[in-house]
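Colleague:
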Amino acid sequence: MTMPTKYPAPATGTAQGGGPAKAIWAFDAIGTRWEIETRQLLDGRVRAEIQDRIERFDLAYSRFRPDSLVSRIATAQQGGRFVFPEDAAALFDLYDRLAAVTGGAIDPLVGRELELLGYDAAYTLRPVAPAAWPAGPRPVWGRDTVREGTVLTTGRPVVVDVGAAGKGYLVDLVAALLTESGIGAFVVDAGGDLRHAGPQPIRIGLEYPADPSQVIGVADLRDRALCASAVNRRAWGDGLHHILDARTGIPAAEVVATWVVADDAAHADALATALFVTDPRTLGRSFAFDYVRLLDDGRAEISSRFPGALFGPETQEDRS
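Our numbering applies: residue 4 is where the sequence shown begins, and numbers increase by one.
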């Protein structure tokens, strides 16, 4: 695949644009690099609020720290009743919709399979032999949990993993804090999950998974979110990566990368993952979004209203 345009790129690509000088606050959190771009330096109060909000989110949802609520659920041998923060209601509502429209391919109880494949809290990256996997049916969202708003009730240990939508949802929470602080123009970038606000659009390069120095196209983003997902970002063996089909418990095949533009980052993040396991037309009956999807045979699909373009003759345009 020929890539005529090159950018130095983070996971989603590189924002290109002129305009007034900008201030960038960069830091590490929830296992990824964050950059918040504003027209002026953020004051200490706003930075402290953002860091506190990220920490509280991590304390609830991270399966990589032993003191999190998710870790308590995973070790509760008899199950229990667990109260999540207020923001969980909207996040869990999104997972309810995703589980329904994908036929169970997206399921926040997929965490146990990720651990068995080696993507565990210790990052062992050593898969457990299939013969040693637990017997019986895997836990299923809606069958093995009962949810009432922000309260989750379980009857046995289950491993909740909100990786399909959680980072995007946290980007939205941070964006809301910026807006509440009177900051009208910004870009929040959490490891390639982007939320933009302001009158000046930005151009994003869509990184080619096989060669991060190249892009397969561009997207123009204004007052929306763009999230990407690719099998090369968290891969640790032949066919082993972090995007699973929850119906089978094994990594998704045939799709190697996706990019989704939506009104908020939670939906863009979730749908970028769902496109690995569900046809875009099926998702389009329940969600409004635009997308690019790169297949393992080199073909690329682009929705007819995607705010950008792809490079190369291999592109196929989906006019649905």
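Yeah, the Cβ is synthetic: ideal placement off N, Cα and C, and Gly gets one too.
Mind reading off the beta-carbon distance from Ile246 to Thr276? Whole number of angstroms is fine, and I expect it under 8 Å.
Modeller: 6 Å
Colleague: Report the start-end ranges of each alpha helix (DSSP H) in the segment 52–106 that is 4 residues or longer and not cut off at the edges.
Modeller: List check, alpha helix (DSSP H) in window: 72–77 and 91–104.
Colleague: Cβ of Ile76 within 8 Å of Cβ of Thr153?
Modeller: no
Colleague: With DSSP collapsed to three states, give me the class of Thr2.
Modeller: This structure leaves residue 2 out entirely; the chain is present only between 4 and 323.
Colleague: For Ala268, which three-state DSSP category applies?
Modeller: helix
Colleague: Which ranges would you report for the beta strand (DSSP E) in the segment 152–221 if only whole runs of at least 3 residues count?
Modeller: 154–157, 189–193, 196–200 and 205–211
Colleague: Would you tell me roughly how many angstroms separate the C-alpha atoms of Asp192 and Asp70, rounded to the nearest one?
Modeller: 26 Å
Colleague: Once the 5 residues before and after Tyr64 are set aside, which same chain residues still bring their CB inside 8 Å of it?
Modeller: Cβ neighbours of Tyr64 beyond the five flanking positions: Ser71, Leu72, Val73, Val163, Val165 and Gly169.
Colleague: Of all the options Trp37, Gln43 and Pro88, which has the alpha carbon lying nearest to the alpha carbon of Arg59?
Modeller: If we check each option's Cα against that of Arg59, Pro88 comes out closest.
Colleague: For the alpha helix (DSSP H) that Gly287 lies in, which residues bound it at each end?
Modeller: That run of the alpha helix (DSSP H) goes Pro283 to Gly287.
Colleague: Relative to the C-alpha of Ile57, which candidate in Asp90, Asp99 and Asp282 has its C-alpha closest?
Modeller: Asp90
Colleague: Can you name, in chain order, every residue of its own chain whose Cβ lies under 6 Å from the Cβ of Val177, other than the five neighbours on each side?
Modeller: Ile53 and Val191
Colleague: In the DSSP assignment, the alpha helix (DSSP H) including Arg115 goes from what residue to what residue?
Modeller: Gly114 to Leu119
Colleague: Under the rule that 16 or more other beta-carbon atoms within 10 Å means buried, what is Thr41, buried or exposed?
Modeller: buried
Colleague: According to DSSP, Thr148 sits in a beta bridge with which residue or residues?
Modeller: Thr157, per the DSSP bridge assignment.
Colleague: Could you give the DSSP three-state label for Val234: helix, strand or coil?
Modeller: coil
Colleague: Assuming contact is defined by CB atoms lying nearer than 8 Å, are Gly187 and Ala271 in contact in what I supplied?
Modeller: no
Colleague: Please state the DSSP three-state secondary structure of Arg36.
Modeller: Strand, per DSSP.
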